[in-house]
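One structure is given below, encoded as structure tokens.
In the UniProt record's numbering, the protein residues as written are 1 to 203.
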């Protein structure tokens, strides 16, 4: 029986998440190394705030983003009209840690910077045609622990959560993008900054 979200542990997954949707590695990067990498990326990445259409008006997304990729990779995120930023040595080292676990060679990474508890991403699926039908996406988190919620697209009572720890890796796979949607909700509790990197294969 599916479990409805109630009270979550401070880290890790709520129980009962269906098999084949995700894999969670709590300490891919150590505490000190993660803090150093996060500080470097926050200071050097060309962060941008996207403008999106919300019904009849344009609004700013409640987070900052950046897109890095191989030189020939199409920028499906529309973060910029020019070519994507190319991999930095730091991003390549993190990519090399992620790929053997995910079993995928990624050609791009989307970075999201959540400045505080007001920054968020609404319910959505990463089901763009450029990602293929059943993409494997590797998500690495640094900084503030935030809840990664998923819910079934047909039955919203089927809902789960993963508390993403500093330095953790979450691999999204299987039918997660087809049958489920996910979010990082706003929080009324005081929250520090969080940095998230999602490694993807753009076809």
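Just so it is clear, CB atoms sit at the ideal spot from N, CA and C, and this is done for glycine as well. Only a predicted model underlies this, so the values are computations on that prediction, with no experimental measurement involved.
Problem - Those runs of the beta strand (DSSP E) which lie wholly inside the segment 12-74 and span at least 3 residues - result: Complete beta strand (DSSP E) runs here, min 3: 22-25, 51-54, 57-60, 64-69.
Problem - Simplified DSSP assignment, three categories, for residue 98 - result: The answer is helix: DSSP assigns residue 98 an H, G or I state.
Handout entry: Pairwise C-alpha distance: residue 15 and residue 153
Key = Within the model, the alpha-carbon separation for residue 153 versus residue 15 is close to 19 Å.
Handout entry: Residues that residue 204 bridges to, as DSSP identifies them
Key = Not covered by the structure: residue 204. The range shown for the chain is 1 to 203.
Problem - Environment of residue 138 [buried if 16+ CB atoms lie within 10 Å] - result: With 16 or more other Cβ atoms within 10 Å, it is buried.
Practice task
Check whether the segment 106-114 touches the segment 159-171, counting contact only when three or more Cβ pairs, one atom from each stretch, lie closer than 8 Å.
Solution key: Cβ pair count under 8 Å is below three, so no.
Problem - Distance CB(residue 41)-CB(residue 49) smaller than 8 Å - result: Against a cut-off of 8 Å, the Cβ pair of residue 49 and residue 41 comes out as no contact.
Exercise for the section: Would you grab the beta carbon distance between residue 171 and residue 136 for me? Rounded to a whole angstrom, and I think it's under 8 Å. Expected result: Right, their Cβ atoms sit about 7 Å apart.
Practice task
Take the Cβ of residue 73 as the centre, count every other Cβ of all protein chains shown within 10 Å, and call the residue buried at 16 or more, exposed below.
Solution key: Counting of Cβ neighbours within 10 angstroms places residue 73 among the buried residues, the total reaching 16 or more.
Practice task
Check whether the segment 186-194 touches the segment 141-159, counting contact only when three or more Cβ pairs, one atom from each stretch, lie closer than 8 Å.
Solution key: Segments in contact, yes.
Practice task
Measure from the alpha carbon of residue 169 to the alpha carbon of each residue in 134, 148, 117, 63, then state which is nearest.
Solution key: It is 148.
Handout entry: Assigned exposure category for residue 58 - 16 Cβ within 10 Å defines buried
Key = Exposed, because fewer than 16 other Cβ atoms sit within 10 Å of the Cβ of residue 58.
Problem - First and last residue of the uninterrupted beta strand (DSSP E) at residue 131 - result: Residue 131 -> no beta strand (DSSP E), and no H or E assigned at all.
Practice task
Let me know the secondary structure DSSP gives residue 93 once reduced to three states.
Solution key: In the structure shown, residue 93 sits in a helix (DSSP, three-state: H, G or I).
Handout entry: Pair within 8 Å by beta-carbon distance, residue 32 and residue 47
Key = Result no, Cβ atoms of residue 32 and residue 47 do not sit closer than 8 Å.
Problem - First through last residue of the beta strand (DSSP E) which encompasses residue 197 - result: Membership of residue 197 in the beta strand (DSSP E) is indicated by the continuous run 194-200.
Handout entry: residue 124 burial status per 10 Å Cβ neighbour count (16 or more: buried)
Key = Within 10 angstroms of the beta-carbon of residue 124 lie fewer than 16 other beta-carbons, which makes it exposed.
Exercise for the section: Round the Cβ separation of residue 181 and residue 200 to the nearest angstrom and send it over; I've been treating them as touching at under 8 Å. Expected result: Not a contact, Cβ separation roughly 17 Å.
Practice task
Determine which residues share a DSSP beta bridge with residue 152 and list them.
Solution key: DSSP lists 180 as partners of residue 152.
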